[in-house]
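Colleague: Got a structure here, written out as C-alpha cells. Questions coming.
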Amino acid sequence: MKTATSVVAEHTVATVCPLDCPDSCSLDVTVQEGRITAIDGSHANPITGGYICAKVRRFTERLYGADRLLYPAVRKGPKGAGTFSRVSWDEALSTIAERMREARERWGGESILPYSYGGSNGLLTQDTSDATLFRRLGASRLARTVCAAPTGVANLALYGKMPSVVYQDFPEAKLIVIWGGNPSASGIHLVPYIREAQRRGARLVVIDPRTTPLAKQADIHLAVRPGTDLPVALAVHRHLFEDGHADRAFLTAHTRGAERLRERAQPWTFERAAAEAGVAPDALRAFADAYATASPALIRCGWGPERNRNGGSASMAILALPAVAGKFGVRGGGYTMSNSASWRIDRTWIGSEEPPTRLVNMNQLGRVLEDGDPPVKVLFVYNNNAAVTTPDQRRVLRGLDREDLFTVVFEQVMTDTARYADLVLPATTFLEGYEIARSYGTLSLRLGQPVVDAAGEARPNADVFGELLTRLDLRREGDPSGELEEMLDVLSKLPGAAGAEISERGAATPPFDGRPVQFQTVWPLTPDRKVNLFAEELDAQAPAGLYGYRPDPATPEYPLALISPASERTISSTLAELPRPEVRLLMHPDDAGARGLSEGDAVRVFNTLGDVRCTLAVGGWITPGTVSLPKGLWRRHTANGYTANALVPDSLTDLGGGACFNDARVQVERDAIATRPPGR
Ligand SMILES: Nc1nc2c(c(=O)[nH]1)N[C@H]1C(S)=C(S)[C@@H](COP(=O)(O)OP(=O)(O)OC[C@H]3O[C@@H](n4cnc5c(=O)[nH]c(N)nc54)[C@H](O)[C@@H]3O)O[C@H]1N2
Ligand SMILES: Nc1nc2c(c(=O)[nH]1)N[C@H]1C(S)=C(S)[C@@H](COP(=O)(O)OP(=O)(O)OC[C@H]3O[C@@H](n4cnc5c(=O)[nH]c(N)nc54)[C@H](O)[C@@H]3O)O[C@H]1N2
Ligand code: SF4
Ligand SMILES: [Mo]
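According to numbering that gives the first Met the number 0, the sequence shown holds residues 0 to 679 in order.
Right under this line is the structure:
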C-alpha cells in the first residue's frame with residue numbers, strides 16, 4: 000500500500016524522438032525529481048501506437064552515463080587518447096574564435112571545415128545558426144552525402160521527390176516489395192502494417208543478401224549479391240516492356256524517356272541478371288511476373304541498394320518500376336522512399352547571400368584532411384561521429400591525428416571522434432532542448448521540448464553557434480540569438496500554417512491528409528510534371544552512363560562482399576556506448592567451411608585498406624560470398640579498434656557522390672594473433 004511518504008512527485012512530458020529513424024515516435028517521458036526515469040511511446044503519433052524501440056527506451060543510460068560530456072575541455076596528452084582537462088565555456092569559445100580567425104587570415108576561410116550529418120536530425124539543430132556561421136566565415140562547404148545521396152538524386156530526377164506511400168497505406172497493397180531495407184531494425188513501426196497486408200492476403204517480396212526477419216516470411220526472397228540491384232531491376236523492366244506488361248497509356252501521358260530506359264534494359268535477360276546477382280533465374284522471373292500482375296503493388300526502396308558503385312542507377316531503376324508497370328493511381332500502389340521533402344520546407348536561403356566556397360564531399364574526409372588544398376586547419380565536428388561512420392577509417396584517423404590540425408568536437412558523449420578533439424564541447428540531447436522533428440517515413444512534423452535541465456554545462460547547438468557568430472563579429476541584424484529565438488525563427492519560416500500549428504499544439508497538420516496517393520492526390524514535382532525516366536544530365540554524370548552497370552570489384556584475393564547494415568542496437572553510431580553482446584562477423588557456412596572456420600573463432604577480416612579483428616558467427620541467413628558486420632560500431636567493439644569502415648573504400652557512387660559502404664571486398668582468415676597462447 001502506498002503511504003504518503005513513498006509518493007514521489009512524478010510527471011510525464013510529451014515530446015518526440017528526432018533521431019535519424021523514419022518513425023519519428025511520439026514519446027511520453029516520466030520525470031521524477033528532475034531526472035528522467037522512463038521513456039516510452041505515446042499515441043500522439045498514431046504510427047507510434049504506444050511503443051518504441053529498445054534502444055531509445057534506454058536513452059537515460061546515455062543521459063546519465065559515464066560517457067556523457069558535461070563540461071568543455073581541452074586535450075591533455077596525445078590525440079585519440081581521450082584525456083582532457085576542464086575549461087570554462089568562455090575560455091573554450093574564445094579559443095575557437097581565435098583559432099578560426101587565425102586560420103582564415105593565414106590560410107583562407109576554406110581552411111575551416113565544418114563536418115556534420117544527422118545528429119538529432121531535426122530542423123533546429125542543423126542548417127540554422129551553424130550554417131549562417133560557417134557561410135559567413137567563408138568556410139569550406141560540406142556535401143552531406145554519407146546517406147541518401149543516390150536515392151535522393153534518383154527520387155528528385157524521376158519524380159521531383161513526389162510524396163510517397165506512408166505506413167498506414169501498406170495494408171492496402173496486394174504485393175509489397177521490400178527492396179534493400181530492413182524495417183525490423185531500421186523502422187520498426189512499419190512492420191505491423193506489412194503483417195496486416197499479409198493477413199489480408201498480400202504477397203511479400205524481399206530483395207536482400209541477408210535473410211532478414213521479413214525475408215523469412217516472404218513469398219519470394221531474392222538473396223542478391225550486394226551491388227547487383229541494377230541488373231535485377233533492369234531485367235524486370237525488360238520483362239515489362241517485352242511481354243506487354245508496360246503501361247503504354249501511362250507512359251505516353253505521364254512520362255518521358257521510356258524508350259531510352261527500354262534500350263538500356265534490353266541486354267538484361269533474366270538469365271544474365273540472375274547470374275550477376277547470384278539468384279535463380281526462375282525466382283527472378285517469378286518476382287517479375289508477380290509484380291507485373293498485382294495491384295495495388297508497392298515498392299519500399301530502402302537504403303541498401305544505394306551504398307555501392309551502382310547505387311544511383313540502381314535506385315533510379317527500382318523507383319522507375321511503378322511508372323513503367325502502371326502501378327500508380329491507387330491507394331497502396333506506387334513507391335515509398337524518404338518523405339522528408341514532402342513538407343516542402345525550403346532551406347535554400349541559408350547562406351545563399353555568401354559566395355560559394357570549396358565543396359568537400361564528406362565521404363572523402365580522410366583524403367581532404369591529408370591532401371586538401373588549401374589544407375584543413377580547423378575541423379569543427381558536430382552532429383556526427385566521423386571516426387567510425389566515414390569510409391576509409393584508417394585514413395580518417397590519420398587525418399584526425401595531424402598535430403597541426405585544430406579539431407573541435409561538439410558532442411553529447413565521449414565518442415571516438417571526440418577523443419581526437421583538441422577541444423570538446425558538451426551538447427544537449429533532444430530531451431534537454433527544443434527540436435522540430437520531421438519524419439522521413441510518414442508525414443509528421445512535431446515539436447520536441449526540453450523534458451529536464453541540461454546535464455552539467457551542456458548547451459544546445461543554437462546557443463553555441465550563435466555565440467560564435469557574436470565572438471567572430473559576424474552577427475547581423477535580425478539574426479536569432481539563442482535556442483528559443485532560433486526555434487521561433489524556424490517556425491516562422493515553415494510553409495503555410497505549420498509554424499502556427501506547432502506553436503499551438505505541438506504538431507502540424509500533414510499535407511494530403513497525411514496519406515498521399517501517388518497520381519491521385521500527389522503528382523510529380525518535376526519541371527514538366529512528368530516522370531523523367533531518362534535524365535540526360537545524369538546520363539552524362541554517371542561513369543557508365545545512366546542505368547550503366549559497373550561490375551563487382553571483387554578480386555581472387557578479396558572475394559567476399561562486406562556489408563554493414565543498420566542494427567537494432569544503435570542509430571548509426573548513436574547509443575553504441577551502451578553495453579551490448581559481443582559483436583560478430585556473420586558468414587555463410589559454405590564460406591566458413593572453405594576457410595576451415597567455425598562459430599566463435601577469432602578472425603581477421605582484411606583487404607588492402609586495413610583489417611578488423613573480431614569473432615565469427617556462422618549462419619545460413621546471409622548469402623554465400625557476402626559477410627556482414629553491424630553498422631555504427633565504436634572502436635571498443637573489435638579486438639583491434641577498427642570497424643567495417645576500415646575496409647570501405649572512399650570511392651563514390653555513380654550518382655550523387657554517395658558512400659560505397661557495401662563495395663568493401665575482403666578476405667577472412669583465422670586471427671593468428673588472437674589464437675597465439677597467452678604470454679607470447
Ligand atoms: N535501429 C536502427 N535504425 C536505423 C538506423 C540504425 O543504424 N539503427 N539507421 C537509420 C538510418 S541513418 C538509415 S539511412 C536507415 C537505413 O535503413 P535501411 O534501409 O534498412 O538500410 P540498411 O540497414 O543500410 O540496409 C538495409 C538492408 O539492405 C541490405 N543490403 C545491403 N546491401 C544491399 C544491396 O546491394 N542490395 C540490396 N537489395 N540489399 C542490400 C542489408 O542486408 C539490409 O538488410 O535506417 C535508420 N534507422
Ligand atoms: N560502414 C557503414 N558506415 C555507415 C553506414 C553504413 O551503412 N555502413 N551508414 C551511414 C549512414 S546511413 C549514416 S546516416 C551515417 C551517420 O553517421 P553520423 O552522422 O556520424 O551519425 P551518428 O553515428 O549517429 O553520430 C551522430 C552524433 O551526433 C551527436 N548529436 C546528436 N544530437 C546532437 C546535437 O543536437 N548537437 C550536437 N552537437 N551533437 C549531436 C550524437 O551524440 C552522435 O554522436 O553513418 C554512415 N556510416
Ligand atoms: S529511434 Fe525510431 S523507433 Fe526508436 S523511438 Fe526513435 S523514432 Fe521511435
Ligand atoms: Mo542514414
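The beta-carbon is built from N, C-alpha and C at its ideal position, and this holds for glycine as well. In this text the structure is predicted, and so the values were computed from the model without any measurement.
Please classify A680 as buried or exposed, where buried requires at least 16 neighbouring CB atoms within 10 angstroms.
Modeller: A query on residue 680 cannot be resolved here, the shown segment of the chain reaching from 0 to 679 and no further.
Colleague: Going by C-alpha to C-alpha distance, which of S115, L69, G656 sits closest to G310?
Modeller: Cα-wise, what sits closest to G310 is G656.
Colleague: Taking the alpha carbon of E576 as the reference point, which residue from M413, F660, G619 has its own alpha carbon closest?
Modeller: Among M413, F660, G619, the Cα nearest to that of E576 belongs to M413.
Colleague: Once the 5 residues before and after V582 are set aside, which same chain residues still bring their CB inside 8 Å of it?
Modeller: Same-chain partners within the cutoff: C613, T614, L628, P629, L632, H636, T637.
Colleague: Taking only three categories from DSSP, how would you classify K1?
Modeller: Unreliable positioning characterises K1 in this predicted model, as indicated by a pLDDT of 42, which lies under 50. The coordinate reading is nonetheless provided below. If DSSP states are grouped into helix, strand and coil, K1 belongs with coil.
Colleague: So which residues put a beta carbon under 6 Å from any heavy atom of ligand 3, going in chain order?
Modeller: Those satisfying the condition are, in chain order, C16, L18, C20, D22, S23, C24, I51, C52, V55, I187, I570.
Colleague: Measuring CB to CB, does R568 end up less than 9 Å from V667?
Modeller: Taking 9 Å as the Cβ cut-off, R568 and V667 do not qualify as a contacting pair.
Colleague: Inspect the beta-carbon positions of G440 and P304 and report whether they are closer than 9 Å.
Modeller: No, Cβ-Cβ distance for G440 and P304 is not below 9 Å.
Colleague: Drop a sphere of 10 angstroms on the beta-carbon of L574, count the other beta-carbons inside from all chains shown, and report buried for 16 or more, exposed for fewer.
Modeller: Label assigned to L574: buried.
Colleague: Check whether the Cβ of A313 sits closer than 8 Å to any heavy atom of ligand 2, and report yes or no.
Modeller: The answer is no for A313.
Colleague: Quick one, are the C-beta atoms of G137 and E353 less than 9 Å apart?
Modeller: For G137 and E353, yes; Cβs fall inside 9 Å.
Colleague: Along the chain, which unbroken stretches of the alpha helix (DSSP H) at least 4 residues long are found entirely within the region 613–659?
Modeller: Correct list: empty.
Colleague: CB of A147 to nearest heavy atom of ligand 4: below 8 Å?
Modeller: Yes, since a heavy atom of ligand 4 falls inside the 8 Å radius drawn around the Cβ of A147.
Colleague: Excluding the 5 residues flanking A272 on each side, which residues of the same chain have their C-beta closer than 6 Å to its C-beta?
Modeller: Contacts found: P230, V231, A234.
Colleague: When the Cα atoms are used, what is the spatial distance from T11 to V451?
Modeller: C-alpha separation (whole angstroms): 11 Å.
Colleague: When we look at the beta-carbon of T520 and count the other beta-carbons within 10 Å, is it buried (16 or more) or exposed?
Modeller: T520 comes out exposed.
Colleague: Suppose contacts are defined by Cβ-Cβ distances below 9 Å. Is I46 in contact with Q125 by that definition?
Modeller: No, the pair does not count as a contact, with Cβ atoms beyond the cut-off.
Colleague: Taking the alpha-carbon positions, what's the L724 to E466 distance?
Modeller: Any question about residue 724 goes unanswered here, given that the chain covers just 0 to 679.
Colleague: Would you mind sorting L69 into buried or exposed? The rule is 16 or more other CB atoms within 10 Å of its CB.
Modeller: L69 comes out exposed.
Colleague: Using CA coordinates, which residue listed in G640, N644, C659 is at the minimum distance from G79?
Modeller: Taking only the C-alpha atoms, the option nearest G79 is G640.
Colleague: Just how far apart, CA to CA, sit T554 and S438?
Modeller: Straight-line Cα distance between these residues: approximately 41 Å.
Colleague: If you measure from the CB of G117, is any heavy atom of ligand 4 nearer than 8 Å?
Modeller: Result yes, Cβ under 8 Å from ligand 4.
Colleague: According to DSSP, simplified to helix, strand and coil, what is V55?
Modeller: It is helical.
Colleague: Name the DSSP beta bridge partners of V521, please?
Modeller: Note: V521 sits in a beta bridge opposite Q517.
Colleague: Quick check: what's the CA-CA separation for T2 versus V30?
Modeller: Because the pLDDT of T2 is 46, which lies under 50, any placement of that residue in the model is unreliable, and the number read from its coordinates should be weighed accordingly. The alpha-carbon atoms of T2 and V30 are separated by roughly 20 Å.
Colleague: In the DSSP output, what is R410 paired with across the bridge?
Modeller: Position check: residue 410 holds Glu in this sequence, whereas Arg was assumed. Note: E410 sits in a beta bridge opposite P425.
Colleague: In the structure shown, what three-state DSSP assignment does I187 receive?
Modeller: The answer is helix: DSSP assigns I187 an H, G or I state.
Colleague: If you draw a straight line from the alpha carbon of P208 to that of V626, how long is it in whole angstroms?
Modeller: For P208 and V626, the distance between alpha carbons rounds to 9 Å.
Colleague: Say the cut is 8 Å; is the CB of K630 nearer than that to a heavy atom of ligand 1?
Modeller: For ligand 1, at least one heavy atom lies less than 8 Å from the Cβ of K630.
Colleague: By how many angstroms is the C-alpha of L132 removed from the C-alpha of V407?
Modeller: Each residue's Cα considered, the two are about 15 Å apart.
Colleague: Among residues of its own chain, excluding the 5 on either side of R143, which ones have a beta-carbon nearer than 7 Å to its beta-carbon?
Modeller: Closer than 7 Å at Cβ, skipping near neighbours: Y116, M361.
Colleague: Compute the Euclidean distance between the alpha carbons of A322 and R105, then round it to the nearest angstrom.
Modeller: So the two alpha carbons sit approximately 54 Å from each other.
Colleague: Applying the 10 Å Cβ sphere with the 16-neighbour rule, what's the burial state of G495?
Modeller: Flag for G495 reads exposed.
Colleague: Does the beta-carbon of P550, which I'm using as the reference point, lie nearer than 8 Å to any heavy atom of ligand 2?
Modeller: No.
Colleague: Hey, how far is the Cα of V86 from the Cα of E97?
Modeller: Spanning the two alpha carbons is a distance of roughly 16 Å.
Colleague: Considering only the alpha carbon of each residue, which of N531, V205, V377, Y419 lies closest to R259?
Modeller: The shortest Cα separation from R259 among N531, V205, V377, Y419 belongs to N531.
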